[in-house]
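These notes are about the structure you will find just below.
2 protein chains.
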Amino acid sequence: MNDGPDNVALKAGEFDSEVIHFPDTQPLVLDSGGEIAPLTIAYKTYGSLNAARSNAILVCHALTGDQHVANTHPVTGKEGWWSLMVGPDKPIDTDRYFVICANVIGGCMGSTGPASIDPATGKPYGLDLPLITVRDMVRAQAMLLDALEIETLFCVTGGSMGGMQVLEWVATYPDRVFSAIPIATAARHSAQNIAFHEVGRQAVMADPEWRNGRYQTEGTNPRKGLAVARMAAHITYLSESALHRKFGRSLQDRDALTFGFDADFQIESYLRYQGMSFVDRFDANSYLYLTRAMDYFDLVADHDGVLANAFMGSKTRFCVVSFTSDWLFPTEGNRDIVHALNAAGAHVSFVEIDTDKGHDSFLLDVPELMATMSGFLSACGRARGLAEAAP
Amino acid sequence: MNDGPDNVALKAGEFDSEVIHFPDTQPLVLDSGGEIAPLTIAYKTYGSLNAARSNAILVCHALTGDQHVANTHPVTGKEGWWSLMVGPDKPIDTDRYFVICANVIGGCMGSTGPASIDPATGKPYGLDLPLITVRDMVRAQAMLLDALEIETLFCVTGGSMGGMQVLEWVATYPDRVFSAIPIATAARHSAQNIAFHEVGRQAVMADPEWRNGRYQTEGTNPRKGLAVARMAAHITYLSESALHRKFGRSLQDRDALTFGFDADFQIESYLRYQGMSFVDRFDANSYLYLTRAMDYFDLVADHDGVLANAFMGSKTRFCVVSFTSDWLFPTEGNRDIVHALNAAGAHVSFVEIDTDKGHDSFLLDVPELMATMSGFLSACGRARGLAEAAP
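Same order as they appear, the protein sequences are chains F and A.
So this note's numbering is basically just the index in the first sequence, starting at one, shifted up by 15.
So this note's numbering is basically just the index in the second sequence, starting at one, shifted up by 15.
Have a look at this one:
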């Protein structure tokens with residue numbers, strides 16, 4: 016194809032992913048009015064696309080996730096973030112489905128983001144990258160699917176910010192989504208969640224090494240600020256009862272309080288580790304861009320104040336999932352989505368899963384989640400006429 | 016008195032308080048094994064002590080509160096933090112009761128804290144001040160009451176960290192407390208609350224202007240770090256529903272999103288203001304010391320794992336108060352105190368107040384709280400034989 020994307024799949028060593036480059040003539044047009052060109056998308060796939068090209072599942076990752084869903088992560092060496100969910104004989108069965116996950120635009124694992132080179136300057140964009148919205152992320156994914164010649168997704172799923180993308184997919188490309196599983200998400204970001212994100216951003220920006228976003232060029236790195244942001248956010252991903260069960264007031268490698276500011280308590284040691292390890296794999300400016308995208312997400316306002324308008328006439332089959340102990344994206348906000356889907360006459364199931372593991376439940380071994388995903392996908396697979404997996 | 020405290024009340028211009036200096040011969044002995052000498056306590060009083068010295072109410076302030084309960088604050092120019100509660104004809108009626116509030120040890124409004132001069136060096140203590148516990152705060156208050164020749168308190172009350180002091184008062188000086196009103200507190204700090212405090216401390220310590228606590232000497236000030244700590248903490252003082260009601264997704268002085276990192280949303284602008292104004296009145300090292308004191312608070316562990324042991328034989332009349340929307344010190348933790356008091360055979364009332372205002376409810380105009388305080392104090396006043404207030 017002339018002027019088409021450079022869709023010779025490349026191994027980008029650093030990111031261990033397939034990479035697609037769209038030329039300047041195929042810019043990503045943004046909600047802000049700006050555009051990104053050239054555009055790069057890094058992605059991973061698992062399983063095989065069937066001949067009818069009808070078995071593709073798009074997995075949308077969360078704020079600090081990436082495309083490494085079910086393989087060893089190239090930076091951390093840990094298992095992919097949804098290894099429990101995606102793989103042979105897993106609920107998202109890669110013997111049956113073709114799974115795609117792309118690093119979101121604004122991210123830092125190979126897709127165009129603030130650390131990418133700005134063609135106008137030859138230096139990293141920093142804050143010169145236009146602001147990204149969840150819809151922009153979804154538009155970029157649609158460009159990827161076009162390049163992969165996948166017209167319709169069998170399913171699109173993800174939790175948290177991933178769930179926002181799921182909702183946006185259905186709202187923006189209603190005819191391209193056969194089924195959708197938004198998990199632990201909301202149709203608009205709450206004031207409390209904006210507040211927590213703002214704390215994280217201020218923590219990054221308060222770090223003098225942030226240098227107004229130009230730290231790559233200046234050879235600095237706002238590690239401390241980003242670690243504080245991560246620590247604060249991490250608390251919100253868990254639940255009070257899970258923290259009590261896992262840590263309580265247990266001391267860290269000591270028999271008594273030290274009367275000092277060392278990490279006397281296991282929970283302190285754990286949080287510090289979460290902060291420090293995060294900065295090894297994540298870009299501070301990406302953290303600003305992606306939290307902002309979530310803050311801006313408001314599917315209600317985008318549809319004249321009536322969420323049902325986002326789904327009117329939708330033929331997509333929905334399964335909405337929430338967790339009882341998730342106080343960041345509580346069941347109530349997920350139920351609002353269900354009510355809107357009902358009002359729009361859509362085909363919807365709703366499962367509230369009883370667990371004390373908090374918002375992060377969607378990443379963890381929660382048997383009822385596995386069973387829900389597996390059962391819903393199987394039923395949709397039959398409706399879609401997909402072959403059953405080999406016994 | 017020779018070697019007695021210098022109890023000539025001084026106006027400390029900066030702190031607009033009464034100040035009492037205890038000489039080196041009257042050190043404050045600390046839980047850590049260390050001691051503080053000389054010791055200074057800054058305090059305020061309201062109303063008049065009766066002839067029987069039987070109408071004194073000790074108000075214990077919270078983490079970022081101080082002794083300016085019911086007067087114009089000398090630094091902020093705002094009304095005292097409990098002006099709604101304390102004053103003539105208020106629930107804590109200063110026509111009837113003699114109200115005392117002392118700045119806690121470790122604080123920064125005139126009592127000895129990390130910003131005080133270390134006699135060993137002639138410079139501010141910084142982190143050389145020994146760590147303070149809630150019991151140390153209470154011991155210091157007892158020294159103050161001794162100096163004021165008040166043997167028994169008619170009541171001791173306070174919310175949050177103030178409530179911890181109330182519980183510690185009863186546990187440490189059971190015969191000196193006629194009645195006690197712990198509000199929105201817990202007998203031990205939870206893992207989640209330790210986690211939030213640790214984030215705040217790491218935010219302060221990540222600020223290069225903190226200089227390992229020596230910022231006064233070095234002429235710097237970790238304002239940005241402390242502001243981030245305050246922002247994170249402030250979210251926890253409110254409730255999701257209150258944030259939604261007060262701010263929702265309303266924009267700040269603009270009609271549309273700006274696609275940038277300015278404070279588009281009112282909640283962002285509000286939080287930034289909370290952070291910035293806090294650093295004008297609070298010392299960063301005090302924030303470290305007082306959060307640590309709360310983390311260490313564990314009345315259960317202090318009494319061999321049985322909270323009721325802390326109250327065994329207590330003749331104090333208790334009124335425990337919690338708020339339905341308080342997720343920092345939830346009703347459950349307050350109910351644990353009630354259960355222990357019941358097990359100890361103590362005289363206890365328990366009121367859970369239905370409000371969406373979150374943990375900060377104890378500071379706000381919550382009519383049921385006012386009625387509870389007023390009614391309980393009146394009943395205790397009759398039992399104590401206090402004269403009724405003039406009609």
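Yeah, the Cβ is synthetic: ideal placement off N, Cα and C, and Gly gets one too.
In this text the structure is predicted, and so the values were computed from the model without any measurement.
Start-to-end residues for the beta strand (DSSP E) that takes in residue i
| i | result |
| --- | --- |
| residue 59 of chain A | 54–61 |
| residue 332 of chain F | 332–338 |
| residue 347 of chain F | Unbroken run through residue 347 of chain F is the alpha helix (DSSP H), 346–358; no beta strand (DSSP E). |
| residue 172 of chain A | 168–174 |
| residue 259 of chain A | Element bounds for residue 259 of chain A: not the beta strand (DSSP E) but the alpha helix (DSSP H), 255–261. |
| residue 196 of chain F | 192–198 |
| residue 453 of chain F | Look at the range of chain F in this structure, 16 to 406, and you will see that residue 453 of chain F is not part of it. |
| residue 37 of chain F | 32–37 |
Residue from the options with nearest C-alpha to residue i
| i | options | result |
| --- | --- | --- |
| residue 260 of chain F | F/276, F/251, F/372, F/378 | F/372 |
| residue 140 of chain A | A/146, A/368, A/131 | A/131 |
| residue 365 of chain A | A/200, A/108, A/205, A/42 | A/200 |
| residue 338 of chain A | A/100, A/252, A/87 | A/252 |
| residue 281 of chain A | F/378, F/148, F/206, F/233 | F/206 |
| residue 239 of chain F | A/196, A/153, A/222 | A/222 |
| residue 303 of chain F | F/237, F/250, F/332, F/73 | F/237 |
| residue 172 of chain F | F/184, F/144, F/147, F/247 | F/184 |
| residue 190 of chain A | A/30, A/328, A/112 | A/328 |
| residue 219 of chain F | F/70, F/118, F/294 | F/294 |
| residue 53 of chain A | A/114, A/126, A/213 | A/126 |
| residue 133 of chain F | F/378, F/232, F/351 | F/232 |
| residue 356 of chain A | A/326, A/83, A/224, A/114 | A/326 |
| residue 165 of chain A | A/363, A/266, A/70, A/241 | A/70 |
| residue 38 of chain A | A/32, A/30, A/50 | A/50 |
| residue 43 of chain F | F/385, F/340, F/151 | F/151 |
| residue 129 of chain A | A/146, A/115, A/116 | A/146 |
| residue 367 of chain A | A/358, A/387, A/359, A/178 | A/387 |
| residue 73 of chain F | F/87, F/315, F/385, F/116 | F/116 |
| residue 40 of chain F | F/55, F/394, F/31 | F/55 |
| residue 34 of chain F | F/315, F/156, F/312 | F/156 |
| residue 154 of chain A | A/136, A/188, A/170 | A/188 |
| residue 121 of chain A | A/257, A/284, A/300 | A/300 |
Interface partners of residue i on chain A, CB under 8 angstroms
| i | result |
| --- | --- |
| residue 203 of chain F | 264 |
| residue 259 of chain F | 205, 206, 207 |
Residue i: contacting residues in chain F (beta-carbon distance under 7 angstroms)
| i | result |
| --- | --- |
| residue 239 of chain A | 221 |
Host alpha helix (DSSP H) of residue i (start-end)
| i | result |
| --- | --- |
| residue 387 of chain F | 382–399 |
| residue 3 of chain F | Because chain F spans 16 through 406 in this model, residue 3 of chain F falls outside it and cannot be assessed. |
| residue 155 of chain F | 149–162 |
| residue 367 of chain A | Here residue 367 of chain A belongs to no alpha helix (DSSP H); instead the beta strand (DSSP E) covers 362–368. |
| residue 282 of chain A | 281–293 |
| residue 301 of chain F | 299–311 |
| residue 233 of chain F | 230–233 |
Contact belief for residue i with residue j at Cβ below 8 angstroms, rounded distance in angstroms
| i | j | result |
| --- | --- | --- |
| residue 279 of chain A | residue 269 of chain A | 7 angstroms |
| residue 262 of chain F | residue 334 of chain F | Not quite, the Cβ-Cβ distance comes to about 33 angstroms (not below 8 angstroms), so this is no contact. |
| residue 92 of chain F | residue 83 of chain F | At roughly 11 angstroms, the Cβ-Cβ gap does not stay under 8 angstroms, so residue 92 of chain F and residue 83 of chain F are not in contact. |
| residue 196 of chain A | residue 336 of chain A | 7 angstroms |
| residue 228 of chain A | residue 142 of chain A | 4 angstroms |
| residue 247 of chain F | residue 211 of chain F | 7 angstroms |
| residue 193 of chain A | residue 167 of chain A | 6 angstroms |
| residue 362 of chain F | residue 343 of chain F | Not quite, the Cβ-Cβ distance comes to about 27 angstroms (not below 8 angstroms), so this is no contact. |
| residue 135 of chain A | residue 314 of chain A | About 33 angstroms; that fails the 8 angstroms criterion. |
Interface partners of residue i on chain A, CB under 7 angstroms
| i | result |
| --- | --- |
| residue 218 of chain F | 218, 243 |
| residue 255 of chain F | 205, 207 |
| residue 47 of chain F | 274 |
| residue 247 of chain F | 214, 247 |
Partners in chain F for residue i, counting only beta-carbon separations shorter than 8 angstroms
| i | result |
| --- | --- |
| residue 145 of chain A | 274 |
| residue 250 of chain A | 207, 210, 211, 214 |
Got a sec: which bits of the segment 295–320 of chain F sit with their beta carbon under 8 angstroms from any beta carbon on chain A, in order along the chain? 303, 307, 310, 311, 313, 316
Can you pull out the residues from the segment 275–293 of chain F whose beta carbon lies closer than 9 angstroms to at least one beta carbon of chain A? 275, 276, 278, 279, 280, 281, 282, 283, 285, 286, 287, 290
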